[in-house]
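Okay, structure first, notes after.
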Amino acid sequence: MGVFKDNPELVLFASLALGYLVGKLRVGPLTLGGICGTLIVSLLFGAWTKAQVSDDVKTVFFALFIFALGYLAGPQFFRNLNRGSLRFFVLCGIELVCVLGIALGLAEWFDLDVGTASGILAGAATESAVVGTATEAIGELSNLTAAQISEYQGNVATAYTVCYLFGLITVVLYTSQIMPILMRVNLRDASRELWERTRRSGGLDADERPAMPGVVGRTYLVTTADGRSVAELEAEHAERITVEAVKRGSVILDVTPELELTLSDLVLLVGRRANVIAAGRLIGPETPGVPGLDSPLATQQVSVTEKATEGRTIDELQRTHPEFYRDGVYVSDVVRGDQDLPANGDTVLHRGDVLTLVGARAGLGKLVARIGSVVRNDATDFIYLGLGIAAGSLLGQVVVTFGDVPLSLGTGGGCLVSGLLFGWFRSRSQTFGAFPPQAATTIKDMGLAIFIACTGLVSGPQAWPLLKEYGALLPFAGIAMVLVPATLSLVVGRKLLKIEKPLLVGAIAGQQCSTPAITAITQVAQSSVPMLGYTVTYALSNFLLPLTGPVLVGILGH
Numbered sequence: 007m008g009v010f011k012d013n014p015e016l017v018l019f020a021s022l023a024l025g026y027l028v029g030k031l032r033v034g035p036l037t038l039g040g041i042c043g044t045l046i047v048s049l050l051f052g053a054w055t056k057a058q059v060s061d062d063v064k065t066v067f068f069a070l071f072i073f074a075l076g077y078l079a080g081p082q083f084f085r086n087l088n089r090g091s092l093r094f095f096v097l098c099g100i101e102l103v104c105v106l107g108i109a110l111g112l113a114e115w116f117d118l119d120v121g122t123a124s125g126i127l128a129g130a131a132t133e134s135a136v137v138g139t140a141t142e143a144i145g146e147l148s149n150l151t152a153a154q155i156s157e158y159q160g161n162v163a164t165a166y167t168v169c170y171l172f173g174l175i176t177v178v179l180y181t182s183q184i185m186p187i188l189m190r191v192n193l194r195d196a197s198r199e200l201w202e203r204t205r206r207s208g209g210l211d212a213d214e215r216p217a218m219p220g221v222v223g224r225t226y227l228v229t230t231a232d233g234r235s236v237a238e239l240e241a242e243h244a245e246r247i248t249v250e251a252v253k254r255g256s257v258i259l260d261v262t263p264e265l266e267l268t269l270s271d272l273v274l275l276v277g278r279r280a281n282v283i284a285a286g287r288l289i290g291p292e293t294p295g296v297p298g299l300d301s302p303l304a305t306q307q308v309s310v311t312e313k314a315t316e317g318r319t320i321d322e323l324q325r326t327h328p329e330f331y332r333d334g335v336y337v338s339d340v341v342r343g344d345q346d347l348p349a350n351g352d353t354v355l356h357r358g359d360v361l362t363l364v365g366a367r368a369g370l371g372k373l374v375a376r377i378g379s380v381v382r383n384d385a386t387d388f389i390y391l392g393l394g395i396a397a398g399s400l401l402g403q404v405v406v407t408f409g410d411v412p413l414s415l416g417t418g419g420g421c422l423v424s425g426l427l428f429g430w431f432r433s434r435s436q437t438f439g440a441f442p443p444q445a446a447t448t449i450k451d452m453g454l455a456i457f458i459a460c461t462g463l464v465s466g467p468q469a470w471p472l473l474k475e476y477g478a479l480l481p482f483a484g485i486a487m488v489l490v491p492a493t494l495s496l497v498v499g500r501k502l503l504k505i506e507k508p509l510l511v512g513a514i515a516g517q518q519c520s521t522p523a524i525t526a527i528t529q530v531a532q533s534s535v536p537m538l539g540y541t542v543t544y545a546l547s548n549f550l551l552p553l554t555g556p557v558l559v560g561i562l563g564h
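According to this note's numbering, the residues represented by the sequence shown are 7 to 564, in order.
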């Protein structure tokens, strides 16, 4: 026992490891997840070892978590602030009003302390970040003693644990199993039908590559293009293919527009697949790769910063910049935020889009300078990261008084807003402030996990008395705070907003920020179509729900 009290880092990381192990246990479609597992284990360890971890550790890791969360969600959040997404805003509004209203009602009817009410809100809404923002806000209440603050902060963690478990089970079963029955829809068939109607192109997973890449190089034996010049051949296809190399006998010729092709020449064409195949029919039969004829192509990711590019299609961009065709440079991929878009000629581009350009190195370098800048995302920019978290901490100190109720975002809320803004600003050019997605995700996950473990260790000794006092209320609250907003959203989404059924089910899972729910939904639908609704509300709720913690604490604490 003494070794744990003298070495809190030992029990902290043991809680982390065992918690994530517990979180992997699966019952049907349900898993607790690493965060809930960590909280359960750390509560038990806290009650057993009485180990103490400095509050500063919690504050630092929560700031890292919440800033990374905002940074990752920022581009998508601001992209969703448009007329087409307004109907999904309504669903998030329903979620916010319901969970706050129910939490305040329960606090009033059952005379709950501010910590228990906040934990019910966080757990039933299945939003772990609320634990942090509410815990921090309780620590700022000036009318409480140090002992009361410690007790109420412990109650947040305990109430969260119980309500999260029942809220998680409810949202998974309700969205994936019961909602399709209520809407009288076969989710699988409806998703397939919507997919066929919209023809949205899906992206590839990180370990996947297209079996038929868009930009290709192929060699042809000249049998029908005798006497035709390189310029004539390229012009015949609107300069959408490039003659990269010509081999005559054993000699590799210099390719110039005036070079005339002769019988038995071997020609290397590069371009988009359809154009290369069409041009090949005018030259002769395709041949296997020819040693010495291969011409290496460079690849470069470019963030579009040119103002004139905004709203133009890829075809219009290529016509505006003749260097594309003259130097044989092609757009092979388009990424907007975390979404892969088809690199078709009619794809509309926006500033901040990342284009993957493929072509000869000399031509590639000149073109990059014209339309944008090379994406820098190979190492974290700690200057940008540090400024962002510092700015968020300062923003969190601002206090606004509504009547007699002083409200502030706190470090958590401030860093969330800062992360959103810094992430969005970075996405506009992606030439500075690099925070690679893998690094940001690791910081986000570890920051929250360590914060939750610290909270559980401190709260462990107080958990059992709270469970004895409110044991029956907590499961009821966890179920009710899922069913009420989800049912209202279902009715409003279908009757008033006319949201397509697969998108609506996904959007309701997103307003609850429930990854297990959307996983179960996509398994039932055997399609990723519900994800299209999920991503919009998930991004909005990830920003808005954590702010309910300080609001609830501000109302109940004064």
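Beta carbons: idealized from backbone N, C-alpha and C, even for Gly.
With C-beta atoms as the reference, is residue i less than 8 Å away from residue j?
i      : j      : result
Val567 : Gln324 : Limits of the chain in this structure are 7 at one end and 564 at the other, which puts residue 567 out of reach.
Val572 : Val28  : Lying before the first or after the last residue shown, residue 572 is absent from the chain, which here runs from 7 to 564.
Val273 : Leu265 : no
Tyr77  : Gly358 : no
Asp271 : Asp321 : no
Leu496 : Gly539 : no
Lys229 : Leu269 : Lys is not the amino acid found at residue 229; the sequence shown has Thr there. Against a cut-off of 8 Å, the Cβ pair of Leu269 and Thr229 comes out as a contact.
Leu57  : Pro14  : The sequence given here has Ala at residue 57, not Leu. In this structure, Pro14 lies closer than 8 Å to Ala57 by Cβ.
Thr543 : Cys98  : yes
Leu361 : Leu373 : no
Thr141 : Thr417 : no
Ala251 : Leu239 : no
Leu22  : Ile449 : no
Val335 : Leu370 : yes
Ala314 : Asp384 : no
Gly499 : Ala513 : yes
Ala241 : Asn548 : no
Ala123 : Leu112 : yes
Determine the extent of the beta strand (DSSP E) in which residue i is found, giving its start and end residues.
i      : result
Gly365 : Val360 to Gly365
Lys253 : Ile247 to Arg254
Gln306 : Ala304 to Val310
Thr493 : No beta strand (DSSP E) holds Thr493; the alpha helix (DSSP H) holding it covers Leu479 to Lys501.
Ser48  : Here Ser48 belongs to no beta strand (DSSP E); instead the alpha helix (DSSP H) covers Gly40 to Thr55.
Val103 : Counting along the chain, Val103 falls outside any beta strand (DSSP E), though it belongs to the alpha helix (DSSP H) covering Leu92 to Trp115.
Asp339 : Val335 to Arg342
Gly223 : Val221 to Leu227
Val257 : Val257 to Leu259
Gly317 : It is not in any beta strand (DSSP E) - Gly317 carries neither H nor E in the DSSP assignment.
Gly378 : Gly378 to Val380
Can you check which of these residues, the options, is closest to residue i by C-alpha distance?
i      : options                           : result
Leu150 : Val360, Asp119, Gly223 and Cys460 : Asp119
Ala128 : Gly484, Lys507 and Ile449         : Gly484
Leu422 : Arg432, Gly121, Leu401 and Ala440 : Leu401
Glu316 : Thr326, Phe330 and Val354         : Val354
Met487 : Phe388, Ile108 and Ile144         : Ile108
Leu558 : Val63, Tyr26, Ile126 and Gly52    : Ile126
Ser338 : Phe330, Ala349, Glu329 and Pro328 : Ala349
Leu50  : Leu494, Thr122 and Ala20          : Ala20
Ser533 : Arg198, Leu31, Leu479 and Ala53   : Arg198
Gly560 : Phe95, Leu110, Trp115 and Asp61   : Leu110
Thr293 : Leu347, Leu227 and Glu312         : Leu227
Val490 : Gly173, Gly429, Pro536 and Glu242 : Gly173
Phe634 : Leu463, Gly394 and Val464         : Residue coverage of the chain in this structure runs from 7 to 564, which leaves residue 634 outside it and unanswerable.
Ala196 : Gly286, Ser547, Val530 and Leu288 : Val530
Of all the CB atoms in chain C, is at least one closer than 8 Å to the CB of residue i?
i      : result
Gly138 : This model lacks chain C altogether, as it is built from one protein chain only.
Within the continuous alpha helix (DSSP H) that includes residue i, where are the two ends?
i      : result
Tyr26  : Pro14 to Gly29
Gly512 : Lys507 to Gln517
Asp384 : Looking at the DSSP string, Asp384 is not in any alpha helix (DSSP H), and its letter there is neither H nor E.
Gly286 : Arg279 to Ile289
Ile144 : Ala135 to Gly145
Leu188 : Met185 to Leu188
Val236 : Val236 to Glu242
Residue i and residue j look like a contact to me (Cβ under 8 Å); what is the Cβ gap, rounded to whole Å?
i      : j      : result
Val282 : Ile377 : Going by Cβ atoms, the distance from Val282 to Ile377 rounds to 24 Å, so no, they are not a contact pair.
Ala492 : Val177 : 7 Å
Val63  : Cys460 : 6 Å
Phe1   : Leu454 : Since the first residue of the chain shown is 7 and the last is 564, residue 1 is not available in this structure.
Leu303 : Lys253 : Incorrect: roughly 18 Å between the Cβ atoms, too far for contact.
Pro81  : Gly420 : Not really, about 20 Å apart at Cβ, beyond 8 Å.
Ile41  : Ile458 : 6 Å
Thr167 : Leu45  : 5 Å
For the stretch 102-117 and the stretch 548-560, state whether three or more C-beta atom pairs, one from each stretch, are separated by less than 8 Å. The answer is yes - the stretch 548-560 touches the stretch 102-117, with three or more Cβ pairs under 8 Å.
Closer than 8 Å is the cut-off here; do at least three beta carbon pairs connect the stretch 177-189 with the stretch 148-162? Contact between the stretch 177-189 and the stretch 148-162 is absent, because fewer than three Cβ pairs lie under 8 Å.
Just checking, does the stretch 235-253 make contact with the stretch 272-287 on the three C-beta pairs under 8 Å criterion? Because the criterion of three Cβ pairs below 8 Å is met, the stretch 235-253 and the stretch 272-287 touch.
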